[in-house]
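A short worksheet on the structure shown next.
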Amino acid sequence: MRLIGWAAGLVAAGMATLGTALAAGGEIADPAKIPGLTDATRTAYLRFLESGPSRAFAIGPAGTFGASAEQPDMFAAMAAAIWQCNRVARTRCKVHAANSTLVLPDYADFARDSARATAYVRAAELRGVFGNEDREYGIPEQKEPRRGDYHQPTPLTLPGASTITTSALVKALQSPEPPALIDVLPERFGHVTLPDAIWLRSAGNYFGPKDAEVTALLGEMLAKIVTSKRSMLVFFCESPNCWLSYNASLRAAELGYSNVHWYRGGLAAWREAKLPTVKAVLEGQF
Numbered sequence: 153m154r155l156i157g158w159a160a161g162l163v164a165a166g167m168a169t170l171g172t173a174l175a176a177g178g179e180i181a182d183p184a185k186i187p188g189l190t191d192a193t194r195t196a197y198l199r200f201l202e203s204g205p206s207r208a209f210a211i212g213p214a215g216t217f218g219a220s221a222e223q224p225d226m227f228a229a230m231a232a233a234i235w236q237c238n239r240v241a242r243t244r245c246k247v248h249a250a251n252s253t254l255v256l257p258d259y260a261d262f263a264r265d266s267a268r269a270t271a272y273v274r275a276a277e278l279r280g281v282f283g284n285e286d287r288e289y290g291i292p293e294q295k296e297p298r299r300g301d302y303h304q305p306t307p308l309t310l311p312g313a314s315t316i317t318t319s320a321l322v323k324a325l326q327s328p329e330p331p332a333l334i335d336v337l338p339e340r341f342g343h344v345t346l347p348d349a350i351w352l353r354s355a356g357n358y359f360g361p362k363d364a365e366v367t368a369l370l371g372e373m374l375a376k377i378v379t380s381k382r383s384m385l386v387f388f389c390e391s392p393n394c395w396l397s398y399n400a401s402l403r404a405a406e407l408g409y410s411n412v413h414w415y416r417g418g419l420a421a422w423r424e425a426k427l428p429t430v431k432a433v434l435e436g437q438f
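All residue numbers for the sequence shown refer to our numbering, where the first residue is 153 and numbers rise by one.
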């Protein structure tokens, strides 16, 4: 993956899906439309506008940013810009624009759609289990992250965290202090997720010699998502045949979070329970 980094030492940022993206025009060409604009951000954004496809520009807090160009496709450019932003900003980012498309409005659309879906979830009454979320595959729990071949049967439990069912998760989401939902699936355009879930793409992958570095970054990002290490965190991926959320849950427990829950059933169980999903927006790339 080739990255073009501009104004070294400044923070990178963001990304979003293209479901409601606006067509190119005056807004994408105007750096003043970027939230938290600084001189360095303006200069970098003008260079972004001059670069060829596939290109993306991500924004973070306090004028931080990330930029990428010459990627295989638009999604790869957005993921690369988010990746760069996360590592500078040490927090979540949003894609401002990709190629000739303004994508920042997708984040507001996600918040609106999540609010509507959450209202439905808060009124839901569930019983039983869904999507084989309690199926015993005879796999022993593992203390270390799985290092590959992630789409395989998982254990029922994991050390340092609790396994949560769909019914229990819905009850938690109906509480006065609902958990933070963390989606770690490495999907692309069109990915759907749970309402209000924070998409930290590939946060459950194993990164070899850089794994400790990735875990540290995850810790910094989680510290800005929840108020304390006692706050409830729920990690999920696709189904009981997905180790990525297992790995991410292990990482959070290793970082000292004491209220970590692994939603083993994941999206498959959520869908089987006929609960609403929303189009995801990317805020983290690992």
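For every residue, glycine included, the Cβ atom is placed at its ideal position computed from N, Cα and C.
Rounding to the nearest angstrom, what Cα-Cα distance links residue 421 and residue 305 in this structure? As a position in the sequence shown, residue 421 is number 269, starting the count at 1. As a position in the sequence shown, residue 305 is number 153, starting the count at 1. Rounded to whole angstroms, residue 421 to residue 305 spans 15 Å at the Cα level.
On the DSSP bridge list, what partners appear for residue 209? By 1-based counting over the sequence shown, the position of residue 209 is 57. Per DSSP, 219 and 249.
Spatially closest choice to residue 428 from 348, 280, 196 and 244, by CA coordinates: Within the sequence shown, residue 428 is the residue found at index 276, counting from 1. Residue 348 is the option with its Cα nearest to residue 428.
Residue nearest to residue 239 in terms of C-alpha spacing, selected from 257, 423 and 367: Here residue 239 refers to the residue found at position 87 when the sequence shown is read from its first residue. The residue among 257, 423 and 367 with its C-alpha nearest the C-alpha of residue 239 is 367.
What first and last residue would you give for the beta strand (DSSP E) that runs through residue 437? Position 285 of the sequence shown holds residue 437. Its beta strand (DSSP E) spans residues 434-437.
For residue 310, the residue or residues it bridges with in DSSP: The residue given as residue 310 occupies position 158 in the sequence shown. Beta-bridge pairing links residue 310 to no other residue.
Under 8 Å: do the segment 379-391 and the segment 318-337 share three or more Cβ pairs, one atom per stretch? yes
Residue environment, residue 397, which counts as buried when at least 16 other CB atoms sit within 10 Å: Along the sequence shown, one-based indexing puts residue 397 at 245. Buried is the call here.
Is the beta carbon of residue 425 closer than 9 Å to that of residue 282? Residue mapping note: residue 282 aligns to position 130 of the sequence shown, counting from 1. Residue mapping note: residue 425 aligns to position 273 of the sequence shown, counting from 1. Result yes, Cβ atoms of residue 282 and residue 425 sit closer than 9 Å.
Using CA atoms only, rank isn't needed, just tell me which of 423, 416, 372 and 393 is closest to residue 241. Start at 1 with the first residue of the sequence shown, and residue 241 comes out as number 89. The candidate whose alpha carbon is nearest that of residue 241 is 372.
Can the beta-carbon of residue 325 be found closer than 9 Å to that of residue 430? As a first step, residue 325 must be located in the sequence shown, where it is residue number 173. As a first step, residue 430 must be located in the sequence shown, where it is residue number 278. No. Outside cutoff.
Starting from residue 241, trace the alpha helix (DSSP H) both ways and give me its first and last residue. Residue mapping note: residue 241 aligns to position 89 of the sequence shown, counting from 1. Residues 226-241.
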